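Numbering (full-length UniProt numbering), first residue to last: 1 to 164. Glycine residues also receive a C-beta, built at the ideal position from the N, C-alpha and C atoms. Please read these numbers as outputs of a predicted model, since none were measured by experiment. Notes follow the structure.
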Amino acid sequence: MSAPAPASTELPAPAAANTAPAASPPTGYTVEIKPHFRGAVRATTNSSGFQRATFTLIDKTTGREIASSVFIGHGARSPMALESNGAPVWKFVGRPETRIVRVFIEHAGSPNGTFTPSKLAKPVTIKKEPDDGHNEEYYFSVFLSEDWTDNDYDDGVVTITQWK
Numbered sequence: 001m002s003a004p005a006p007a008s009t010e011l012p013a014p015a016a017a018n019t020a021p022a023a024s025p026p027t028g029y030t031v032e033i034k035p036h037f038r039g040a041v042r043a044t045t046n047s048s049g050f051q052r053a054t055f056t057l058i059d060k061t062t063g064r065e066i067a068s069s070v071f072i073g074h075g076a077r078s079p080m081a082l083e084s085n086g087a088p089v090w091k092f093v094g095r096p097e098t099r100i101v102r103v104f105i106e107h108a109g110s111p112n113g114t115f116t117p118s119k120l121a122k123p124v125t126i127k128k129e130p131d132d133g134h135n136e137e138y139y140f141s142v143f144l145s146e147d148w149t150d151n152d153y154d155d156g157v158v159t160i161t162q163w164k
């Protein structure tokens, strides 16, 4: 067994100022789906460019992909539609295991253009506890993306609502 390396006495170089937001990971961000919660995924676009939002439902314990689908769309405050059947919402059932949903959003100048990863803000999740007359517990998560033009982070928006 070798001796540990001596601690460095050099001071680290000062970090360069960086005012640009960090790029989102190339695999997107995730939110957790609690056991036995069911829910719905929706997407909206607010851009003249074309937006594509891919989401994947994954078993958290095994890492196995359970389902995946893609929303597509463009226009101001326009619901995006599932590429597979044109529906504006994708629903999932409650299951006993914990799952995660991974979201990745891209943009292009035309429907047949090359899609480029959008900047994606880390998702925000709000929890609503059960209260008088409403026994359900809800989680509402939102993913906001920017297509690199105006930094408004509303070009592609994916929402996930889960309840039990």
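Residues near residue i by beta carbon distance below 8 Å, same chain, minus five either side
i, result
"residue 78", "44, 45 and 46"
"residue 61", "97 and 98"
Beta-bridge partners of residue i, as assigned by DSSP
i, result
"residue 56", "68 and 102"
"residue 89", "42"
Delimiting residues of the beta strand (DSSP E) encompassing residue i
i, result
"residue 146", "138-146"
"residue 32", "29-33"
Cβ-based neighbour list, residue i, same chain, cut-off 7 Å, excluding 5 preceding and 5 following
i, result
"residue 154", "46 and 144"
"residue 196", "Lying outside 1 to 164, the shown extent of the chain, residue 196 is not represented and no answer is given."
"residue 21", "Note that residue 21 scores 46 on pLDDT, short of 50, meaning its location in the model is unreliable; the coordinates nonetheless yield the value given after this. So the list reads 119, once near-sequence residues are dropped."
"residue 115", "52, 106, 107 and 108"
"residue 65", "56 and 58"
Under the three-state DSSP convention, the category residue i falls into
i, result
"residue 129", "coil"
"residue 21", "Low confidence applies to residue 21: its pLDDT is 46, below 50, so where it sits in the model is not reliable enough to give any reading."
"residue 159", "strand"
"residue 118", "coil"
"residue 77", "strand"
"residue 37", "coil"
"residue 109", "coil"
"residue 47", "strand"
"residue 94", "coil"
Close-in-space but distant-in-sequence residues of the same chain around residue i (CB under 6 Å, 5 per side omitted)
i, result
"residue 41", "55, 90 and 160"
"residue 141", "31, 123, 125 and 160"
"residue 137", "130 and 164"
"residue 37", "94, 162 and 164"
"residue 158", "43, 53, 103 and 143"
Nearest to residue i (by Cα), restricted to the options the options
i, options, result
"residue 204", "114, 53, 29 and 134", "Since the first and last residues shown for the chain are 1 and 164, residue 204 lies out of range."
"residue 97", "110, 147, 63 and 119", "63"
"residue 128", "48, 139 and 57", "139"
"residue 49", "39, 132, 117 and 135", "117"
"residue 111", "59, 75 and 28", "75"
"residue 121", "92, 147 and 132", "147"
"residue 86", "92, 33 and 71", "71"
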